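The sequence shown finishes on residue 258 if you use my numbering, and the numbering steps up by one all the way, no holes.
Even for Gly, the Cβ is constructed at its ideal location relative to N, Cα and C.
Small disclaimer: the values here were computed from a predicted structure and weren't measured.
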Amino acid sequence: MNVKGNTVLITGGATGIGLALVKEFVETGNEVIICSRRMNKLDEAKKLFPSIHTRQFDLALPVHREALYNWIKTDFPKLNILINNAGIQRAIDFRKGIETIMTIDNEIAINLEAPVQLCAYFIPLLLTQKEAAIINITSGLGFIPSVAMPVYSATKAALHSFSITLRRQLKDTSIKVFEIIPPMVDTDLDKGERKKRGQTYFGITPEQTAQESFEAFQKDEYEFAVGEAKNFQAGAKQNFEEHFDRMNKFFK
Ligand SMILES: NC(=O)c1ccc[n+]([C@@H]2O[C@H](COP(=O)([O-])OP(=O)(O)OC[C@H]3O[C@@H](n4cnc5c(N)ncnc54)[C@H](OP(=O)(O)O)[C@@H]3O)[C@@H](O)[C@H]2O)c1
């Protein structure tokens, strides 16, 4: 993938891995647009990178996904890279019953429904560009799930599966489909819980994650596991290709 001269939308781009990706794309000469819920974080990101475009959207809400698409289509019709990065992570104990999942933040809506729906909105626009890409940020936990974070792990496994099928559907088009699989990264994602569990190691830096991902984009490494996540990916993949090809042999 050419990493210069693109117009890039990074969801959840005001913090963590998203913000580190903003830095890579801005410094390499790309027009960057980000969105998320907290205005103060968007403003802080804009201060760091004055050329970026920011707007508040809550991607848990279908109407906001549609509004995001309409804004981009009108104001940035050259958009050619969509990065589905926004996400949340929750520890959920199903032995405690229904209350346990009745939280305001809905992992399924943010981590899975939003990327799937944004792909559906943006693919017709991306197909009009000479070169385009969709980049989904999954997780090592999508390959080897965490019992403490069952819904999170399931959303990332589902997004991994979706990335494979989308890549196959789009293989004869201008759109390349990438999946970045981070290991544990030291961001605000679930940091409170990690501290409560007594963790002292919080993972690699978001900057390292973004730098290695950026190299993978340039080499067209479509499914790229960062650092320790490589072990998760390999462990879950024995004979996968053979099964996948057999399962999908009638797909045209
Ligand atoms: N950190 C890790 O260990 C790790 C490991 C593997 C994968 N990942 C994945 O990497 C991605 C980025 O996470 P991160 O670690 O960089 O954590 P982060 O700093 O918390 O970033 C997540 C971003 O998503 C945004 N977001 C959350 N809910 C949203 C919503 N409803 N609408 C719009 N934006 C929303 C957040 O902003 P607002 O709260 O302001 O909306 C935040 O900027 C996530 O998909 C995560 O699952 C992280």
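Distance from the CA atom of residue 125 to the CA atom of residue 166, rounded to whole angstroms, is 14 Å. The beta carbon of residue 82 lies closer than 8 Å to those of 13, 15, 37, 39 and 59 in the same chain, with the five residues before and after it left out.
Residue 61: not part of any alpha helix (DSSP H); member of the beta strand (DSSP E) spanning 59 to 62, first to last residue. Residue 86 places its beta carbon less than 7 Å from that of residue 138.
Taking 7 Å as the cut-off, the Cβ atoms of residue 26 and residue 212 count as close.
Residue 145 sits in coil when the DSSP states are folded into three classes, being neither helix nor strand.
When C-beta atoms of the region 139 to 150 are compared with those of the region 221 to 237, three or more pairs fall below 8 Å, so the two segments count as touching.
Within the same chain, 127 come within 8 Å of residue 72 by CB-CB distance, once the 5 residues on both sides are set aside. Cβ-Cβ distances below 7 Å link residue 179 to 133 in the same chain, with the five nearest sequence neighbours on each side left out; the list follows chain order. Rounded to whole angstroms, the separation of the alpha carbons of residue 79 and residue 140 is 16 Å.
Shown here for residue 22: same chain residues with a beta carbon closer than 8 Å to its own, the five before and five after excluded, namely 191, 193, 194, 195 and 212 in chain order.
Just so you know, the alpha carbons of residue 177 and residue 105 end up roughly 43 Å apart. Taking each of 68, 101, 154 and 32 in turn and checking the Cα distance to residue 54, the smallest one comes out for 32. In the displayed model, residue 42 falls within a strand according to three-state DSSP. For residue 215, the enclosing alpha helix (DSSP H) has its first and last residue at 212 to 224.
Distances between the C-beta of residue 195 and the heavy atoms of ligand 1 include at least one below 6 Å. DSSP, read as helix, strand or coil, puts residue 171 in helix. Membership of residue 240 in the alpha helix (DSSP H) is indicated by the continuous run 235 to 241.
Here residue 113 carries a helix assignment [DSSP, helix/strand/coil]. DSSP places residue 182 inside the beta strand (DSSP E), whose first and last residues are 181 to 187. Remark: C-beta atoms of residue 159 and residue 169 do not approach each other more closely than 7 Å. Beta-bridge analysis with DSSP links residue 37 to 13. Judged by DSSP secondary structure, residue 230 falls within the beta strand (DSSP E) whose first and last residues are 229 to 231.
Of the candidates 136, 103, 96 and 100, the residue whose Cα lies closest to the Cα of residue 117 is 96. Residue 150 sits in coil when the DSSP states are folded into three classes, being neither helix nor strand. Shown here for residue 215: same chain residues with a beta carbon closer than 6 Å to its own, the five before and five after excluded, namely 23, 188, 191 and 232 in chain order.
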